[in-house]
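Numbering (the numbering used here), first residue to last: 5 to 214.
Note that the Cβ used here is the ideal one computed from N, Cα and C, for glycine as well.
Take a look at the structure below.
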C-alpha cells in the first residue's frame, strides 16, 4: 500500500484537492477532521485539553477551537503542551485508518496533514504532494474565514514553512488557483505516477517513527 502525504499552507485550496482524490476513489485521512472529532463533545482530547487550558470549553461540552487558538497563539510553551496532547491521538487515528485500508487491500491512500513537512512527516510516506496558489489568492481566501485577521494570519504563517520551500521539498505540486481543471489534471497525473512505485513506507517506516 502506497502512502501519499498531502500538505499545503493555510487557505491554499487543500480541501479541493482532497475532494479530487476522493472523487478518484482514493481514501483520505483528514488530520483536521480528526482534530475536530477529538475536540467535539465526547472526544478523546476534550478532558486533557480542558485540564491544561481551563476556560476553553464550548457550551456543548467540547473544546472551543477559537478560544483555544487564541490561548496558544504566540505562546510557544502553550502550543507545545497542546501538541503533546493532540498529536499522539491524531497519530493513533492515522494508524487505525491505515490498518483498515491495508486490510481492504487499498493500493494507495492519502494522508492530509497540514504541517507534514514541519513535523518530519515526510519520513512516514512514500511521496509528498503540496497544494499551492498565488500568495494574493491565499491571503484573500484566508481573510474570508470567520475570526481571521491580518495578525492571526501572520502568526499562523510564521509557524508554517514558506510555500516556496514546500514546493521545493515536494515530489508533486498541485496548482490550486482559479483553474480547477489544472488541479484535477495534476491529481490525475499524480495517481498515474504513483502506480509505478514500490511501497516502502507502510508498515516498516511507521514502526520506526511511532
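Beta-carbon gap between residue i and residue j smaller than 8 Å
{"i": "residue 54", "j": "residue 67", "result": "yes"}
{"i": "residue 92", "j": "residue 5", "result": "no"}
Residue i versus the options, residue with shortest Cα-Cα distance
{"i": "residue 133", "options": "69, 180 and 72", "result": "180"}
{"i": "residue 21", "options": "162, 160, 59 and 117", "result": "117"}
{"i": "residue 170", "options": "89, 121, 8 and 61", "result": "121"}
{"i": "residue 13", "options": "48, 109, 161 and 73", "result": "161"}
{"i": "residue 137", "options": "19, 6 and 106", "result": "19"}
{"i": "residue 128", "options": "69, 206, 60 and 108", "result": "206"}
{"i": "residue 125", "options": "210, 23 and 37", "result": "210"}
{"i": "residue 105", "options": "200, 184, 188 and 30", "result": "30"}
{"i": "residue 4", "options": "140, 103, 154 and 130", "result": "No answer is possible for residue 4: the residues shown for the chain start at 5 and end at 214."}
{"i": "residue 156", "options": "143, 168, 208 and 174", "result": "143"}
{"i": "residue 168", "options": "108, 58 and 139", "result": "139"}
Neighbourhood of residue i by C-beta, 8 Å cutoff - its chain only, sequence neighbours within 5 removed
{"i": "residue 152", "result": "146"}
{"i": "residue 26", "result": "32"}
{"i": "residue 60", "result": "53, 54, 67, 68, 71, 72 and 75"}
Those residues which DSSP pairs with residue i across a bridge
{"i": "residue 176", "result": "133"}
{"i": "residue 61", "result": "67"}
{"i": "residue 7", "result": "113"}
{"i": "residue 32", "result": "114"}
Residues of its chain near residue i, where Cβ-Cβ distance is below 6 Å and the 5 sequence neighbours each way are ignored
{"i": "residue 98", "result": "33"}
{"i": "residue 176", "result": "133 and 194"}
{"i": "residue 45", "result": "64, 65 and 66"}
{"i": "residue 164", "result": "13"}
{"i": "residue 101", "result": "33"}
Cβ-Cβ separation, residue j to residue i (assumed contact under 8 Å), whole Å
{"i": "residue 159", "j": "residue 78", "result": "6 Å"}
{"i": "residue 135", "j": "residue 16", "result": "5 Å"}
{"i": "residue 198", "j": "residue 10", "result": "Not really, about 12 Å apart at Cβ, beyond 8 Å."}
{"i": "residue 187", "j": "residue 83", "result": "At roughly 31 Å, the Cβ-Cβ gap does not stay under 8 Å, so residue 187 and residue 83 are not in contact."}
Spatial neighbours of residue i in its chain, beta-carbon cut-off 7 Å, leaving aside the 5 residues before and after
{"i": "residue 35", "result": "94, 116, 117 and 118"}
{"i": "residue 89", "result": "49, 52, 53 and 56"}
{"i": "residue 47", "result": "41 and 66"}
{"i": "residue 202", "result": "none"}
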